[in-house]
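Everything in the sequence shown is counted per numbering that gives the first Met the number 0, starting at 0 for the first residue and increasing by one. Glycine included, each C-beta is placed from N, C-alpha and C at the ideal position. Below is one structure, written out as structure tokens, with a few remarks after it.
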Amino acid sequence: MVDDPSGTEMAPGLAALAICESLLTSLQELKIIGAQEVVDILKDASAAHHQATTVTDTPKVHSAAAAVIDRMIVGKNSVRHS
0 MVDDPSGTEM APGLAALAIC ESLLTSLQEL KIIGAQEVVD ILKDASAAHH QATTVTDTPK
60 VHSAAAAVID RMIVGKNSVR HS
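Structural data, given as structure tokens:
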């Protein structure tokens, strides 16, 4: 990765994460999906990143992504409460 002291390289990922979190929250609040379904979606996403750590050339990135999702699962919203 390129050295990016301003952090702008992370902006697209942070934006995508915030949008996905908002969508999951809205879907749950509108009772379109339940709390368990939200957890199941997050667990599936986390598992995909954990698996990718063994099959890609960027295992640290996937491990970090899985850690963010795992924090969301235990209720520590990654965008709003870091």
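Through-space distance from residue j to residue i, alpha-carbon basis
i	j	result
Glu28	Val37	11 Å
Val60	His49	10 Å
His8	Gly33	One detail in the question is off: residue 8 reads as Glu in this sequence, not His. Spanning the two alpha carbons is a distance of roughly 34 Å.
Lys30	Ala46	25 Å
Residue i classed as buried or exposed, judged by whether at least 16 other C-beta atoms fall within 10 angstroms
i	result
Leu13	exposed
His80	With a pLDDT of 44 at His80, under the threshold of 50, the predicted position of this residue should be treated as unreliable, and no value is reported.
Met71	buried
Ala65	buried
Leu41	buried
Helix, strand or coil at residue i according to DSSP, with G and I counted as helix
i	result
Asp56	coil
Gly74	coil
Identity of the residue in the options nearest residue i by Cα
i	options	result
Ala15	Ile68, Val73, Gly74	Ile68
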